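Student:
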Amino acid sequence: MDKIKQKNKNFYIKWMVISVSAIMATLAAVWFYMHDWDVEQSMKALAEAVAIEEPTTEIPKEEVAVPTEPEEPETSEEQPAAEEEPAVEKTPDATVYPENSKLPSQPTLINGVLLANKQHPLPETYAPGEVAEARTAFETMKSAAAEAGLNLSAFSTYRDFARQKQLYEGYVAKDGQQAADRYSARPGYSEHQTGLAFDIGEAGLEQHWASASFGDTIGGKWLATNAHKYGFILRYPEGSEQITGYMHESWHFRYVGKDIATEIYQKDITLEEYLGI
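To convert, note that position 20 of the sequence shown is 20 in the UniProt record's numbering; the numbers rise steadily by one, no gaps.
1) Find out if the Cβ-Cβ distance for the pair leucine 150, glycine 219 is shorter than 7 Å.
2) In whole angstroms, what is the alpha-carbon distance linking glutamate 241 and alanine 94?
3) How many whole angstroms separate the CB atoms of alanine 137 and tyrosine 230, which I take to be in contact at a CB cut-off of 8 Å?
4) Using the Cα positions of tryptophan 222 and glutamate 147, report the straight-line distance between them to the nearest angstrom.
5) Using beta-carbon positions only, say whether leucine 196 and alanine 154 come within less than 7 Å of one another.
6) Helix, strand or coil: how does DSSP classify glutamate 62 here?
7) Identify, in the order they occur along the chain, each residue of the same chain with its Cβ nearer than 6 Å to the Cβ of lysine 142, setting aside the five sequence neighbours on each side.
8) Please name the residue in Ser156, Ile200, Arg186 whose C-alpha comes closest to that of glutamate 124.
9) What are the boundary residues of the beta strand (DSSP E) that includes leucine 115?
10) What's the gap between the Cα of glutamate 178 and the Cα of threonine 244?
11) Compute the Euclidean distance between the alpha carbons of serine 105 and asparagine 117, then round it to the nearest angstrom.
12) State the DSSP-derived secondary structure class of histidine 208, mapped to helix, strand or coil.
13) For aspartate 181, is the classification buried or exposed, using 16 other Cβ atoms within 10 angstroms of its Cβ as the cut-off for buried?
14) Quick check: the Cα distance between isoleucine 233 and isoleucine 264, rounded to an integer number of angstroms?
15) Please work out which residues of its chain come closer than 8 Å, Cβ to Cβ, to leucine 271, disregarding the five sequence neighbours upstream and downstream, and give them in chain order.
16) From the DSSP output, in three-state form, read off aspartate 160 for me.
17) Which class does valine 131 belong to by DSSP, given the choice of helix, strand or coil?
18) Can you check whether the CB of tyrosine 171 is closer than 7 Å to the CB of serine 190?
19) Indicate the three-state DSSP secondary structure (helix, strand or coil) for alanine 197 in the structure shown.
20) Whole angstroms are fine: how far does the CA of valine 96 sit from the CA of lysine 102?
21) Using 7 Å as the threshold, is the C-beta distance between proline 107 and tyrosine 126 below it?
22) With the cut-off set at 7 Å, would you say glycine 188 and proline 237 are in Cβ contact?
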(Lines of atoms letter the chains of each structure in order from A and count residues from 1; the text may use other names and numbers.)
(Lines give C-alpha, C1' and ligand atoms only; values in the text may rest on other atoms or scores of the structure.)
Protein backbone atom coordinates (compact mmCIF):
# COMPACT_ATOMS: atom_id res chain seq x y z
CA MET A 1 0.00 0.00 0.00
CA ASP A 2 2.81 2.37 0.92
CA LYS A 3 4.50 1.73 -2.36
CA ILE A 4 1.37 2.67 -4.26
CA LYS A 5 1.11 5.99 -2.30
CA GLN A 6 4.73 6.81 -2.92
CA LYS A 7 4.28 6.08 -6.57
CA ASN A 8 1.28 8.35 -6.82
CA LYS A 9 3.11 11.11 -5.00
CA ASN A 10 6.03 10.96 -7.36
CA PHE A 11 3.68 11.04 -10.30
CA TYR A 12 1.95 14.16 -8.87
CA ILE A 13 5.25 15.93 -8.37
CA LYS A 14 6.36 15.14 -11.90
CA TRP A 15 3.02 16.37 -13.19
CA MET A 16 3.37 19.61 -11.26
CA VAL A 17 6.89 20.16 -12.52
CA ILE A 18 5.80 19.49 -16.11
CA SER A 19 2.82 21.81 -15.69
CA VAL A 20 4.93 24.63 -14.20
CA SER A 21 7.53 24.15 -16.88
CA ALA A 22 4.86 24.28 -19.54
CA ILE A 23 3.43 27.47 -18.01
CA MET A 24 6.87 29.03 -17.77
CA ALA A 25 7.64 28.03 -21.35
CA THR A 26 4.34 29.54 -22.51
CA LEU A 27 5.03 32.76 -20.60
CA ALA A 28 8.54 32.91 -22.00
CA ALA A 29 7.22 32.44 -25.52
CA VAL A 30 4.70 35.25 -24.97
CA TRP A 31 7.45 37.50 -23.52
CA PHE A 32 9.78 36.88 -26.43
CA TYR A 33 6.93 37.46 -28.83
CA MET A 34 6.22 40.87 -27.18
CA HIS A 35 9.85 41.84 -27.75
CA ASP A 36 10.13 40.70 -31.32
CA TRP A 37 11.89 37.48 -30.31
CA ASP A 38 14.94 39.57 -29.37
CA VAL A 39 16.51 37.59 -26.53
CA GLU A 40 18.79 40.45 -25.28
CA GLN A 41 16.00 43.03 -25.32
CA SER A 42 13.60 40.53 -23.67
CA MET A 43 16.05 39.72 -20.87
CA LYS A 44 16.76 43.40 -20.28
CA ALA A 45 13.06 44.22 -20.03
CA LEU A 46 12.54 41.28 -17.71
CA ALA A 47 15.32 42.50 -15.44
CA GLU A 48 13.83 45.97 -15.31
CA ALA A 49 10.36 44.56 -14.56
CA VAL A 50 11.43 42.43 -11.63
CA ALA A 51 13.85 44.93 -10.24
CA ILE A 52 12.61 46.17 -6.92
CA GLU A 53 13.02 49.90 -6.79
CA GLU A 54 14.21 50.90 -3.45
CA PRO A 55 12.07 53.61 -2.12
CA THR A 56 13.89 56.85 -1.72
CA THR A 57 12.98 59.17 1.01
CA GLU A 58 14.31 62.63 0.95
CA ILE A 59 16.08 63.29 4.10
CA PRO A 60 14.92 66.68 5.22
CA LYS A 61 17.63 69.12 5.22
CA GLU A 62 18.81 69.87 8.64
CA GLU A 63 17.58 73.19 9.72
CA VAL A 64 20.56 75.42 9.96
CA ALA A 65 20.31 78.31 12.30
CA VAL A 66 21.08 81.51 10.47
CA PRO A 67 24.03 83.02 12.22
CA THR A 68 23.23 86.36 13.71
CA GLU A 69 25.50 89.03 15.05
CA PRO A 70 26.19 88.32 18.67
CA GLU A 71 24.20 90.55 20.92
CA GLU A 72 26.26 92.84 23.01
CA PRO A 73 25.77 92.03 26.64
CA GLU A 74 23.70 94.56 28.45
CA THR A 75 25.85 96.74 30.51
CA SER A 76 24.51 99.25 32.88
CA GLU A 77 25.59 102.69 31.93
CA GLU A 78 28.62 103.47 33.90
CA GLN A 79 27.91 106.22 36.31
CA PRO A 80 30.58 108.83 36.32
CA ALA A 81 32.44 109.09 39.51
CA ALA A 82 30.99 111.75 41.71
CA GLU A 83 32.95 114.89 41.21
CA GLU A 84 34.40 116.31 44.28
CA GLU A 85 32.95 119.67 45.04
CA PRO A 86 35.55 122.35 44.73
CA ALA A 87 36.74 123.62 48.02
CA VAL A 88 34.91 126.78 48.86
CA GLU A 89 36.76 129.32 50.85
CA LYS A 90 34.93 129.76 54.09
CA THR A 91 33.54 133.24 54.50
CA PRO A 92 34.95 134.82 57.64
CA ASP A 93 32.45 135.27 60.43
CA ALA A 94 31.49 138.94 60.19
CA THR A 95 30.88 139.10 63.93
CA VAL A 96 34.41 138.03 64.83
CA TYR A 97 37.52 140.16 64.64
CA PRO A 98 40.45 138.62 62.75
CA GLU A 99 43.28 137.16 64.77
CA ASN A 100 45.68 139.60 63.18
CA SER A 101 44.59 142.87 64.73
CA LYS A 102 47.26 144.94 63.05
CA LEU A 103 45.70 148.03 61.50
CA PRO A 104 46.37 148.78 57.81
CA SER A 105 48.21 151.76 56.38
CA GLN A 106 45.36 152.60 53.98
CA PRO A 107 41.54 152.47 54.35
CA THR A 108 39.51 150.01 52.27
CA LEU A 109 37.76 151.44 49.21
CA ILE A 110 35.50 149.18 47.09
CA ASN A 111 34.17 150.78 43.90
CA GLY A 112 34.82 154.16 45.47
CA VAL A 113 32.92 153.33 48.66
CA LEU A 114 34.78 153.55 51.96
CA LEU A 115 34.24 150.45 54.07
CA ALA A 116 34.84 149.99 57.77
CA ASN A 117 33.79 146.84 59.63
CA LYS A 118 35.35 144.07 61.71
CA GLN A 119 37.23 142.66 58.70
CA HIS A 120 38.19 146.00 57.17
CA PRO A 121 39.68 148.36 59.76
CA LEU A 122 40.99 151.87 59.26
CA PRO A 123 44.50 153.14 59.87
CA GLU A 124 45.00 154.59 63.33
CA THR A 125 45.99 157.86 61.71
CA TYR A 126 42.90 158.09 59.49
CA ALA A 127 41.21 161.31 60.66
CA PRO A 128 39.06 163.04 58.02
CA GLY A 129 36.74 164.69 60.51
CA GLU A 130 33.04 164.93 59.82
CA VAL A 131 32.60 164.82 56.03
CA ALA A 132 31.03 168.07 54.84
CA GLU A 133 28.93 166.39 52.14
CA ALA A 134 27.39 164.08 54.72
CA ARG A 135 26.60 166.99 57.04
CA THR A 136 24.93 168.93 54.22
CA ALA A 137 22.81 165.90 53.33
CA PHE A 138 21.77 165.53 56.98
CA GLU A 139 20.68 169.15 57.26
CA THR A 140 18.57 168.77 54.12
CA MET A 141 16.98 165.66 55.58
CA LYS A 142 16.44 167.42 58.93
CA SER A 143 14.53 170.18 57.14
CA ALA A 144 12.33 167.65 55.33
CA ALA A 145 11.60 165.88 58.61
CA ALA A 146 10.68 169.19 60.24
CA GLU A 147 7.91 169.60 57.66
CA ALA A 148 6.53 166.30 59.00
CA GLY A 149 6.69 167.69 62.56
CA LEU A 150 9.93 165.91 63.53
CA ASN A 151 13.01 167.51 65.09
CA LEU A 152 15.94 165.26 64.17
CA SER A 153 19.27 165.55 65.95
CA ALA A 154 22.64 164.02 64.99
CA PHE A 155 23.88 163.39 68.52
CA SER A 156 27.06 161.52 67.50
CA THR A 157 28.96 161.71 64.21
CA TYR A 158 32.74 161.75 63.73
CA ARG A 159 34.93 160.13 66.38
CA ASP A 160 38.67 159.84 66.02
CA PHE A 161 40.74 156.80 66.99
CA ALA A 162 41.51 158.05 70.50
CA ARG A 163 37.87 158.81 71.32
CA GLN A 164 36.74 155.40 70.04
CA LYS A 165 39.39 153.72 72.14
CA GLN A 166 38.15 155.53 75.24
CA LEU A 167 34.53 154.58 74.60
CA TYR A 168 35.26 150.95 73.78
CA GLU A 169 37.37 150.37 76.87
CA GLY A 170 34.59 151.86 79.00
CA TYR A 171 32.01 149.48 77.50
CA VAL A 172 34.29 146.49 78.06
CA ALA A 173 34.77 147.49 81.68
CA LYS A 174 31.01 147.83 82.09
CA ASP A 175 29.62 144.83 80.12
CA GLY A 176 32.61 142.65 79.28
CA GLN A 177 34.40 142.35 75.93
CA GLN A 178 32.04 139.79 74.36
CA ALA A 179 28.99 141.99 74.94
CA ALA A 180 30.84 145.19 74.04
CA ASP A 181 31.95 143.71 70.70
CA ARG A 182 28.29 143.35 69.65
CA TYR A 183 27.41 147.03 69.94
CA SER A 184 30.68 148.93 69.99
CA ALA A 185 33.63 148.81 67.62
CA ARG A 186 37.18 148.41 68.70
CA PRO A 187 39.39 151.43 67.99
CA GLY A 188 40.29 151.47 64.29
CA TYR A 189 37.18 149.44 63.37
CA SER A 190 34.51 152.05 64.02
CA GLU A 191 32.49 153.49 61.16
CA HIS A 192 32.32 156.75 63.08
CA GLN A 193 36.02 157.24 62.31
CA THR A 194 35.10 157.59 58.61
CA GLY A 195 33.21 160.85 59.27
CA LEU A 196 30.24 159.40 57.34
CA ALA A 197 28.29 157.78 60.19
CA PHE A 198 25.52 159.68 61.97
CA ASP A 199 23.74 158.51 65.11
CA ILE A 200 20.36 160.17 64.86
CA GLY A 201 17.59 160.70 67.38
CA GLU A 202 14.72 163.06 67.93
CA ALA A 203 15.17 166.17 70.07
CA GLY A 204 13.02 166.00 73.18
CA LEU A 205 12.99 162.19 73.10
CA GLU A 206 16.52 161.59 74.39
CA GLN A 207 15.37 158.45 76.21
CA HIS A 208 15.27 156.73 72.83
CA TRP A 209 18.72 157.85 71.71
CA ALA A 210 21.08 154.95 70.99
CA SER A 211 18.25 152.59 71.92
CA ALA A 212 16.39 149.91 69.99
CA SER A 213 13.18 151.70 70.96
CA PHE A 214 14.01 154.55 68.59
CA GLY A 215 12.96 152.32 65.67
CA ASP A 216 9.41 152.28 67.07
CA THR A 217 9.09 156.06 67.33
CA ILE A 218 7.60 158.25 64.62
CA GLY A 219 11.03 159.75 63.95
CA GLY A 220 12.67 156.32 63.70
CA LYS A 221 10.05 155.06 61.26
CA TRP A 222 10.28 158.21 59.18
CA LEU A 223 14.06 157.82 58.87
CA ALA A 224 13.84 154.14 57.94
CA THR A 225 11.47 155.06 55.10
CA ASN A 226 13.00 158.34 53.86
CA ALA A 227 16.73 158.42 54.70
CA HIS A 228 17.76 156.93 51.32
CA LYS A 229 16.29 159.95 49.54
CA TYR A 230 19.06 162.05 51.13
CA GLY A 231 21.88 159.55 50.68
CA PHE A 232 21.72 157.72 54.03
CA ILE A 233 21.21 154.01 54.73
CA LEU A 234 20.27 152.20 57.92
CA ARG A 235 23.71 150.69 58.44
CA TYR A 236 22.86 147.79 60.76
CA PRO A 237 19.39 146.41 59.86
CA GLU A 238 17.56 143.95 62.05
CA GLY A 239 18.51 140.31 61.40
CA SER A 240 21.75 141.17 59.56
CA GLU A 241 24.30 140.80 62.34
CA GLN A 242 25.98 137.86 60.61
CA ILE A 243 26.56 140.11 57.58
CA THR A 244 27.41 143.48 59.09
CA GLY A 245 29.08 142.18 62.25
CA TYR A 246 26.98 144.30 64.60
CA MET A 247 23.61 144.03 66.30
CA HIS A 248 20.67 146.01 64.97
CA GLU A 249 20.99 149.76 65.56
CA SER A 250 17.88 151.67 64.55
CA TRP A 251 19.63 155.00 65.13
CA HIS A 252 22.88 154.44 63.17
CA PHE A 253 22.83 155.80 59.59
CA ARG A 254 25.65 155.93 57.08
CA TYR A 255 26.01 158.39 54.23
CA VAL A 256 26.77 156.72 50.84
CA GLY A 257 25.11 159.11 48.35
CA LYS A 258 21.59 159.10 46.95
CA ASP A 259 22.09 156.58 44.11
CA ILE A 260 23.71 153.88 46.21
CA ALA A 261 21.41 154.50 49.16
CA THR A 262 18.33 154.18 46.94
CA GLU A 263 19.54 150.89 45.42
CA ILE A 264 20.34 149.42 48.84
CA TYR A 265 16.94 150.50 50.16
CA GLN A 266 14.99 149.13 47.19
CA LYS A 267 16.82 145.79 47.30
CA ASP A 268 16.56 145.64 51.09
CA ILE A 269 20.21 144.67 51.48
CA THR A 270 23.21 145.76 53.55
CA LEU A 271 26.25 147.73 52.48
CA GLU A 272 28.32 144.52 52.56
CA GLU A 273 25.89 142.78 50.21
CA TYR A 274 25.86 145.77 47.89
CA LEU A 275 29.67 145.69 47.72
CA GLY A 276 29.66 141.92 47.22
CA ILE A 277 31.65 140.93 50.29
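All C-beta atoms, glycine included, are put in the ideal place defined by N, C-alpha and C.
These numbers were taken from a predicted model, which means no experiment stands behind them.
Tutor: Walking through what the data contain:
1) Locating residue 150 in the sequence shown gives position 150, counting from the first residue. Locating residue 219 in the sequence shown gives position 219, counting from the first residue. Their beta carbons are under 7 Å apart, which means leucine 150 touches glycine 219 by this criterion.
2) Position 241 of the sequence shown, counting from 1, holds the residue named residue 241. Position 94 of the sequence shown, counting from 1, holds the residue named residue 94. Those two C-alpha atoms are separated by around 8 Å.
3) Position 137 of the sequence shown, counted from the first residue, corresponds to residue 137. Position 230 of the sequence shown, counted from the first residue, corresponds to residue 230. Their Cβ separation, rounded to whole angstroms, is 5 Å, which keeps alanine 137 and tyrosine 230 in contact under 8 Å.
4) As a first step, residue 222 is located in the sequence shown; it is residue number 222 there, counting from the start. As a first step, residue 147 is located in the sequence shown; it is residue number 147 there, counting from the start. The C-alpha of glutamate 147 is placed about 12 Å away from the C-alpha of tryptophan 222.
5) Within the sequence shown, residue 196 is the residue found at index 196, counting from 1. Within the sequence shown, residue 154 is the residue found at index 154, counting from 1. Result no, Cβ atoms of leucine 196 and alanine 154 do not sit closer than 7 Å.
6) Translated into the one-based positions of the sequence shown, residue 62 becomes position 62. Confidence at glutamate 62 is low in this model, with a pLDDT of 42, below 50, so its placement is unreliable and the value that follows should be read with caution. Note: glutamate 62 maps to coil in three-state DSSP.
7) As a working mapping, residue 142 is identified with position 142 in the sequence shown. Taken in chain order, the residues that qualify are Leu152.
8) Sequence index remark: in the sequence shown, residue 124 carries index 124 (1-based). The candidate whose alpha carbon is nearest that of glutamate 124 is Arg186.
9) In the sequence shown, residue 115 corresponds to position 115, counting from 1. Leucine 115 -> beta strand (DSSP E) spans 113-115.
10) Working through the sequence shown from its first residue, we reach residue 178 at position 178. Working through the sequence shown from its first residue, we reach residue 244 at position 244. The question names glutamate, but residue 178 in the sequence shown is glutamine. CA-CA distance, glutamine 178 to threonine 244, rounds to 16 Å.
11) For the purposes of this step, residue 105 is identified with residue 105 of the sequence shown, where counting begins at 1. For the purposes of this step, residue 117 is identified with residue 117 of the sequence shown, where counting begins at 1. For serine 105 and asparagine 117, the distance between alpha carbons rounds to 16 Å.
12) Start at 1 with the first residue of the sequence shown, and residue 208 comes out as number 208. It is helical.
13) Position 181 of the sequence shown holds residue 181. Aspartate 181 should be labelled buried.
14) As a position in the sequence shown, residue 233 is number 233, starting the count at 1. As a position in the sequence shown, residue 264 is number 264, starting the count at 1. Roughly 8 Å between the two C-alpha positions.
15) Taking the first residue of the sequence shown as position 1, residue 271 is located at position 271. Cβ within range, chain order: Val113, Leu115, Ile233, Arg235, Thr244, Arg254, Val256, Ile264.
16) Along the sequence shown, one-based indexing puts residue 160 at 160. Here aspartate 160 carries a coil assignment [DSSP, helix/strand/coil].
17) If you number the sequence shown from 1, residue 131 lands on position 131. The three-state reading of DSSP puts valine 131 in coil, since its state is none of H, G, I, E or B.
18) Here residue 190 refers to the residue found at position 190 of the sequence shown. Here residue 171 refers to the residue found at position 171 of the sequence shown. Result no, Cβ atoms of serine 190 and tyrosine 171 do not sit closer than 7 Å.
19) Indexing the sequence shown from 1 puts residue 197 at position 197. It is a strand residue.
20) Here residue 102 is taken as the residue at index 102 of the sequence shown, counted from 1. Here residue 96 is taken as the residue at index 96 of the sequence shown, counted from 1. Each residue's Cα considered, the two are about 15 Å apart.
21) One-based indexing of the sequence shown puts residue 107 at position 107. One-based indexing of the sequence shown puts residue 126 at position 126. A contact, by the Cβ cut-off of 7 Å.
22) What you label residue 188 is simply residue 188 of the sequence shown in a count that begins at 1. What you label residue 237 is simply residue 237 of the sequence shown in a count that begins at 1. It is not a contact, given that the beta carbons lie outside the stated cut-off.
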